[in-house]
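Trainee: Following this message is one structure expressed as structure tokens.
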Amino acid sequence: MHPAFSVIFFTVASGAGFGLFSLLFIADTFKLGGGFTPTQLIIGGIVALGLIMFGLLSSTFHLANPKNAWRAFSRFRTSWLSREGVFAVVFMPLALVYLASIWFDAPQWLRETFGFMAAVLAWITVFSTGMIYACLKTIRQWNTPLVPANYLALGYASGSLLLLLGAVIVGLDTTPYIAMAALIVSIAAVLKAIYYFWIRSPGLTPTINTATGLTRAKVKLLDTGHTHGTFLTQEFGFQIARQKAGLLKVVVFVLGFALPGLMLVWVFNQQGGQAAAIVAALAGITGAAVERWLFFAEARHVVNLYHGAQRC
Amino acid sequence: MRLGLVIDLDVCVGCHACAIACKEWNASGTIGPLSDYQPYGAEPSGVWFNRIRHYEMDEYPNNKTVNFPMSCMHCEDADCVTVCPTGASYKRAEDGIVLIDQDKCMGCNYCSWACPYGARELDRSSGTMKKCTLCVDRIYDQELPVEERQPSCVLTCPAHARMFGDFDDPDSAVSRTVRERGGFPLMPELNYNPTNTYLPPRRKPVIPVETQPKGGLKESIKQFANKLVRR
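Encoded structure:
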């Protein structure tokens, strides 16, 4: 699949935003490390909402006809893309009521109820983002429950690193934030490792024989029939060298998981403090972006069988 | 009704006439135009509803070239319709034709990801997705003579490799042909239940290519005689 930068930016930014927002709610409920002040909570919430809005806006850049984008909310009952948009829009007022109830010092039950509902919707929205890809039977690298699991784990990992950065900046007790980030980042790393292991073996997938129905002998492509590239070759023809993919997987693990993990140790030992937390957050998000690029680059659509691939 | 095409892989000569006729009719049809990019330039490309690929089956001397026209299969379980977030893609209840409402499409490409057959192509000039309409603006046209109320590709095919008809009617020409010739759908394992059906290439006899003499007494005498007699 052709990796579109607007979609990569959208999924990474909105994933981190939704992750940050729901973890912010948890930090607020349990007053982790002493608890953020109302002003700090609201600034954190605005950063999360900003990431989400920025991501959603960037997702419209890959549309060829954005004037019809508003119609994307209409097929909630069948389309995961539509559901993702609807959940993101429902999340917004809940999140704003939560932030407002912090600002105006509303009763605790109101604050907790709306915070909880916003956190649950954040979870559902990121799940829907993953399901946009996981529901496609045409791409075996995507058609697995590990995809929504990875989207959630990486979104929350980025969010937890951003939250730790916030806790370091305002000078809270960082121990609970370090524990939370360490746990989520390691779960994300393990899930990603399982995913990479899983997509290595092709399993029972269509071949050039079932694609052409000519199952009685070996089939090979003689001519694609087009003079130059088509929409199909531009959208689905992208292929990444196995060696390059392997190298990028190392980058994902070093940048996305190992370096933030090391920085957590530094923050814990009071070495570097703010600088280490900044490096952790930046490395985690950059790692997630590389992971997302690779997620697209490694996906092989079955239409490639008609363009000569023996198996996808 | 379940309208669709039968494509005879045994007969198709790979002339691309169906694709040209399709482009000609649909460029001015309900879903047109079908944009071309650099049609006379170095890298000609554009939107087509029908593409013909060429494959070779098996190895010499048992090999056979198979010409392979492909357009929208008008699937019974069309995921391209299910995944569409705007409702632009729809499948008609009355005849099973899958269409795209050009006024609703936002050009997100998601339906083309869901289609295993590569039937959907984005028109980069209008920003909308386009696909085979089964010539919906032809097959119901009361102004045309009855025998011309068929998709352009079927009418134009010089080898008669394409048939159009109703698959729900067990006595229609397409249903009978599929039964008699052992027609098959493409990639059935994905469970899209495509309507279009392909007829397999016939098993042709292998033409012997050995030129070596067979040996034996008769052959040796013949060769001996051939050496003696000077022509």
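The listed protein sequences correspond, in order, to chains R and E.
Heads up, the first sequence is in my numbering, so the first residue is 4 and it goes up one at a time.
Heads up, the second sequence is in my numbering, so the first residue is 405 and it goes up one at a time.
Virtual Cβ for every residue (Gly too), placed ideally from N, Cα, C.
Small disclaimer: the values here were computed from a predicted structure and weren't measured.
Mind pulling the beta strand (DSSP E) runs of 3 or more residues that sit fully within the region 553-630 of chain E?
Mentor: Counting whole runs of 3 or more residues, the region 553-630 of chain E contains the beta strand (DSSP E) stretches 566-570, 601-603.
Trainee: For Leu186 (chain R), count the other beta carbons within 10 Å of its own beta carbon; 16 or more makes it buried, fewer makes it exposed. Which is it?
Mentor: Exposed.
Trainee: Can you tell me the Cα-Cα spacing of Gly48 (chain R) and Leu175 (chain R), whole angstroms?
Mentor: So the alpha carbons of these two residues sit roughly 17 Å apart.
Trainee: Tell me Tyr441 (chain E)'s beta-bridge partners as DSSP assigns them.
Mentor: E:Ser449.
Trainee: Looking at the structure shown, is Gly48 (chain R) part of a helix, part of a strand, or coil, going by DSSP?
Mentor: Of the three classes helix, strand and coil, the one that applies to Gly48 (chain R) here is helix, per DSSP.
Trainee: Helix, strand or coil for Asn430 (chain E)? Go by DSSP, reduced to three states.
Mentor: Of the three classes helix, strand and coil, the one that applies to Asn430 (chain E) here is helix, per DSSP.
Trainee: Tell me where the alpha helix (DSSP H) around Ser412 (chain E) begins and ends.
Mentor: Just to set this straight, residue 412 (chain E) is Asp in the shown sequence, not Ser. First-last for Asp412 (chain E): 407-412, but that is the beta strand (DSSP E), not the alpha helix (DSSP H).
Trainee: Starting from the C-beta of Asn513 (chain E), find all residues in its chain whose C-beta is less than 8 Å away, skip the five residues before and the five after it, and write them out in chain order.
Mentor: Excluding sequence neighbours, Asn513 (chain E) sits near Leu526, Met533.
Trainee: Would you say Arg74 (chain R) lies against chain E (beta-carbon separation less than 8 Å)?
Mentor: With 8 Å as the cut-off, Arg74 (chain R) counts as an interface residue toward chain E.
Trainee: So, Gly162 (chain R) versus Gly22 (chain R), is the Cβ gap smaller than 8 Å?
Mentor: Taking 8 Å as the Cβ cut-off, Gly162 (chain R) and Gly22 (chain R) qualify as a contacting pair.
Trainee: Which residues bound the alpha helix (DSSP H) around Met120 (chain R)?
Mentor: Where Met120 (chain R) is concerned, the enclosing alpha helix (DSSP H) stretches over 111-137.
Trainee: Could you confirm whether any beta carbon from chain E is found closer than 8 Å to the beta carbon of Asp176 (chain R)?
Mentor: No - not a single Cβ of chain E is within 8 Å of the one on Asp176 (chain R).
Trainee: When you check each C-beta in the region 220-241 of chain R against every C-beta of chain E, which residues fall closer than 8 Å?
Mentor: Correct list: Ala220, Lys221, Val222, Lys223, Leu224, Leu225, Asp226, Thr227, Gly228, His229, Thr230, His231, Gly232, Thr233, Phe234, Leu235, Glu238, Phe239.
Trainee: Starting from the beta carbon of Tyr494 (chain E), find every residue of chain R whose beta carbon is closer than 7 Å, and list them in chain order.
Mentor: Result: empty, since nearest Cβ-Cβ is about 10 Å, beyond 7 Å.
Trainee: Might you give, ordered along the chain, the residues of its own chain that have their beta carbon closer than 7 Å to the beta carbon of Ala19 (chain R), omitting 5 neighbours on each side?
Mentor: Leu54, Gly158, Ser161, Gly162, Leu165, Ile288.
Trainee: Please go through the same chain and pick out, in chain order, the residues whose beta-carbon is closer than 6 Å to the beta-carbon of Met183 (chain R), but skip the five residues on each side of it.
Mentor: Excluding sequence neighbours, Met183 (chain R) sits near Ser163.
Trainee: Just to confirm, are Gly259 (chain R) and Gly232 (chain R) a CB contact at a threshold of 8 Å?
Mentor: No, they are not a contact pair.
Trainee: Which of the three DSSP states, helix, strand or coil, is assigned to Ile359 (chain R)?
Mentor: No information on residue 359 (chain R) is available, as it lies outside the stretch 4 to 315 that chain R covers here.
Trainee: Pop quiz: Leu603 (chain E) and Ile411 (chain E) are said to be a contact at Cβ under 8 Å. What is the actual Cβ separation, rounded to whole angstroms?
Mentor: Yes, they are in contact, since the Cβ atoms of Leu603 (chain E) and Ile411 (chain E) sit about 7 Å apart, within 8 Å.
Trainee: Could you check whether Phe239 (chain R) and Val306 (chain R) sit closer than 8 Å to each other, using their CB atoms as the reference points?
Mentor: Their beta carbons are under 8 Å apart, which means Val306 (chain R) touches Phe239 (chain R) by this criterion.
Trainee: Is the CB-CB distance between Ala191 (chain R) and Ala156 (chain R) below 8 Å?
Mentor: Yes, these two residues count as a Cβ contact at 8 Å.
Trainee: Given this structure, state the Cα-to-Cα distance separating Gln246 (chain R) from Leu297 (chain R), to the nearest angstrom.
Mentor: Going from the Cα of Gln246 (chain R) to the Cα of Leu297 (chain R) covers about 12 Å.
Trainee: Could you tell me the alpha carbon to alpha carbon distance between Gln273 (chain R) and Cys519 (chain E), rounded to whole angstroms?
Mentor: One C-alpha to the other measures close to 54 Å.
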